[in-house]
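Numbering (my numbering), first residue to last: 3 to 387. Note that CB positions come from ideal geometry on N, CA and C, so glycine has one too.
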Amino acid sequence: MSDIGTPISKAQNFSKGLEGIVAAQTGLSLVDGERSELYYLGIPIQELIAHSTFEEVVYLLFFRRLPTRRELDSFSKELASLRTLPNELLNFLAESPRSAHPMATLRTAVSALALFDPQADANSREANLQKAKRLVAVMPTIIAAFHRVRLQQKIIHPKKVLSHAENFLLMLHGKQPSPKHARSLDQYLIMLADHGLNASTFAARVTIATQSDIYSAVTSAIGTLKGDLHGLANQRAMEMFMQVGSPEKAADYVKELFREKKKVMGFGHRIYKKEDPRAPQFREIAESLCKGTENEKWLKVSQAIEKAVRAEKPIPPNVDYYSSIVLYALGIPVDFFTTIFAMSRVTGWAAHIFEQLEDNRLIRPEADYTGPMHQPYIPISQRKS
Ligand SMILES: CC(C)(COP(=O)(O)OP(=O)(O)OC[C@H]1O[C@@H](n2cnc3c(N)ncnc32)[C@H](O)[C@@H]1OP(=O)(O)O)[C@@H](O)C(=O)NCCC(=O)NCCS
């Protein structure tokens with residue numbers, strides 16, 4: 003056997019979890035961990051929450067500038083006209099097992115959308131823009147339809163005259179939402195729309211960089227968002243509030259988690275070490291939705307858990323912590339929380355897909371080989387059991 007030598011170690015370039023590695027350039031959002039700030043196209047997130055709408059933020063991320071009134075009206079109308087699902091997909095949702103996790107259903111439905119789109123594989127900016135608008139428009143219809151199917155209630159078809167947030171809540175609950183609920187969801191969608199090279203956006207960029215197609219890239223991204231350490235943390239945070247049940251039980255619960263070296267869901271962040279700028283915004287919205295209602299108890303439980311965590315370690319709550327209470331107060335079932343995250347983040351995924359394709363290069367990092375060397379090939383008949 004010829005000596006193939008010892009592999010050259012690449013360990014000096016290895017960064018577990020790619021921490022600190024710059025793997026893309028983006029002109030979309032700036033996540034400033036040092037200053038705890040977030041900007042879309044240079045505009046502070048706080049300005050967008052106060053003055054913008056989700057439709058306007060979609061325009062901003064897709065066209066990289068704010069629209070004029072006329073452009074926004076026509077863009078919003080176009081999005082509203084793309085909300086209808088093909089009948090085949092409605093039938094698929096009606097037949098889907100009710101026990102399926104809503105994120106698994108959403109991932110499969112988005113992948114299946116490609117089968118009914120003759121332009122699925124076209125990768126020009128124009129073709130991808132059309133598909134991206136459709137994905138943004140149609141994901142709420144998929145999510146609400148699956149919710150209705152699961153409740154064995156009639157699917158409610160989209161209404162073109164309503165805003166993105168209003169129409170979704172109407173399709174979900176079967177009644178027109180209050181302006182406060184619609185605006186709270188709108189603000190949620192604005193705040194989750196993009197966030198640098200987060201794991202699901204990275205997955206979307208890796209997939210499109212092979213010159214695959216936008217449906218495949220968004221399907222990869224949904225699958226990536228579905229993990230507890232990323233998007234599913236909002237569901238897990240709410241489940242934790244429910245498990246803890248009352249503020250008095252928070253300290254013992256948190257102590258036990260730390261003793262077992264388990265993660266507290268909705269805390270910590272790879273980039274923001276001091277504060278996630280979206281967390282206080284969501285705390286404010288949660289307070290305004292819950293104060294004086296039966297949901298106020300979740301605020302109290304969450305505040306007691308936060309106090310107990312801070313006493314153990316200086317890790318701040320992230321975007322998923324207080325936003326989970328907002329979603330709960332909007333009547334969204336807990337296992338649907340991450341689909342609402344996806345409904346917003348599809349905007350960022352699509353915008354990053356456009357950006358990747360404009361200056362594309364295959365994304366293909368290396369691995370440091372740590373396995374055995376110089377192993378003989380033993381014929382199967384001679385292997386010991
Ligand atoms: C977001 C997250 C995955 C970032 O992970 P990361 O950058 O790889 O950070 P690490 O997991 O290496 O954590 C660094 C340190 O902080 C601690 N830490 C981070 N998040 C924590 C959490 N939620 N609960 C308890 N400890 C936590 C780790 O135990 C580790 O401590 P150590 O250095 O003493 O071992 C991580 O904070 C986490 O798992 N959070 C919970 C899930 C969540 O809310 N995800 C949504 C993110 S927006």
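Residue i (DSSP reduced to helix, strand or coil)
{"i": "H271", "result": "coil"}
{"i": "S202", "result": "helix"}
{"i": "H197", "result": "strand"}
{"i": "L33", "result": "In the sequence as presented, Leu is not what sits at residue 33; that position holds Val. Looking at V33 - three-state DSSP - the assignment turns out to be strand."}
{"i": "P88", "result": "coil"}
{"i": "P99", "result": "coil"}
{"i": "P249", "result": "helix"}
{"i": "P319", "result": "strand"}
{"i": "T8", "result": "coil"}
{"i": "Q213", "result": "coil"}
{"i": "I382", "result": "helix"}
{"i": "Y255", "result": "helix"}
{"i": "M3", "result": "Confidence at M3 is low in this model, with a pLDDT of 44, below 50, so the placement of that residue should be treated as unreliable; the coordinate-derived value is given next. DSSP places M3 in coil when its eight states are reduced to three."}
{"i": "A124", "result": "coil"}
{"i": "G229", "result": "coil"}
{"i": "T55", "result": "coil"}
{"i": "K79", "result": "helix"}
{"i": "N93", "result": "helix"}
{"i": "T372", "result": "coil"}
{"i": "K265", "result": "coil"}
{"i": "Q14", "result": "helix"}
{"i": "E277", "result": "coil"}
{"i": "K302", "result": "helix"}
{"i": "P335", "result": "coil"}
{"i": "K133", "result": "helix"}
{"i": "V163", "result": "coil"}
{"i": "K156", "result": "coil"}
{"i": "N236", "result": "helix"}
{"i": "L291", "result": "helix"}
{"i": "M350", "result": "Looking at the sequence itself, residue 350 is Gly, so the reference to Met does not match. Reduced to three states, the DSSP call for G350 is helix."}
{"i": "T221", "result": "helix"}
DSSP bridge partner residues for residue i (one or two, in chain order)
{"i": "I45", "result": "Y42"}
Residue i beta carbon near ligand 3 (any heavy atom closer than 7 Å)
{"i": "R280", "result": "Absence of ligand 3 from the depicted structure is noted, with ligand 1 being the only ligands included."}
CB contact flag (residue i, residue j, <8 Å)
{"i": "T143", "j": "M105", "result": "no"}
{"i": "S202", "j": "A184", "result": "no"}
{"i": "E314", "j": "F260", "result": "yes"}
{"i": "V348", "j": "V220", "result": "yes"}
{"i": "L227", "j": "F343", "result": "yes"}
{"i": "V208", "j": "I365", "result": "yes"}
{"i": "P69", "j": "E80", "result": "no"}
{"i": "H354", "j": "T28", "result": "yes"}
{"i": "G268", "j": "N200", "result": "no"}
{"i": "K182", "j": "N169", "result": "no"}
{"i": "G350", "j": "H197", "result": "yes"}
{"i": "A310", "j": "A253", "result": "yes"}
{"i": "P179", "j": "L191", "result": "no"}
{"i": "G229", "j": "R109", "result": "no"}
{"i": "I210", "j": "L63", "result": "no"}
{"i": "V256", "j": "A288", "result": "no"}
{"i": "Y217", "j": "L115", "result": "yes"}
{"i": "P279", "j": "L40", "result": "yes"}
{"i": "L187", "j": "A167", "result": "yes"}
{"i": "S113", "j": "T107", "result": "no"}
{"i": "I334", "j": "Q189", "result": "no"}
{"i": "L397", "j": "A331", "result": "No statement about residue 397 is possible, as the shown extent of the chain runs from 3 to 387 and does not include it."}
{"i": "M375", "j": "T8", "result": "yes"}
{"i": "G44", "j": "I273", "result": "no"}
Supposed close pair residue i, residue j - CB separation, criterion 8 Å
{"i": "D337", "j": "Q245", "result": "The Cβ separation is near 15 Å, so there is no contact."}
{"i": "K276", "j": "S38", "result": "5 Å"}
{"i": "S346", "j": "Y324", "result": "With 8 Å as the limit, S346 and Y324 do not qualify as a contact, their Cβ atoms being about 16 Å apart."}
{"i": "S394", "j": "M240", "result": "Look at the range of the chain in this structure, 3 to 387, and you will see that residue 394 is not part of it."}
{"i": "L87", "j": "F148", "result": "That pair is no contact at about 11 Å."}
{"i": "D123", "j": "K133", "result": "Not quite, the Cβ-Cβ distance comes to about 10 Å (not below 8 Å), so this is no contact."}
{"i": "I145", "j": "T341", "result": "5 Å"}
{"i": "V151", "j": "I157", "result": "7 Å"}
{"i": "E322", "j": "A195", "result": "Correcting the residue identity first, residue 322 is Asp in this sequence and not Glu. With 8 Å as the limit, D322 and A195 do not qualify as a contact, their Cβ atoms being about 15 Å apart."}
{"i": "A281", "j": "P249", "result": "Not quite, the Cβ-Cβ distance comes to about 19 Å (not below 8 Å), so this is no contact."}
Closer than 8 Å to chain C by CB, residue i
{"i": "Y324", "result": "Given the protein chain composition of this structure (a single chain), no chain C is represented."}
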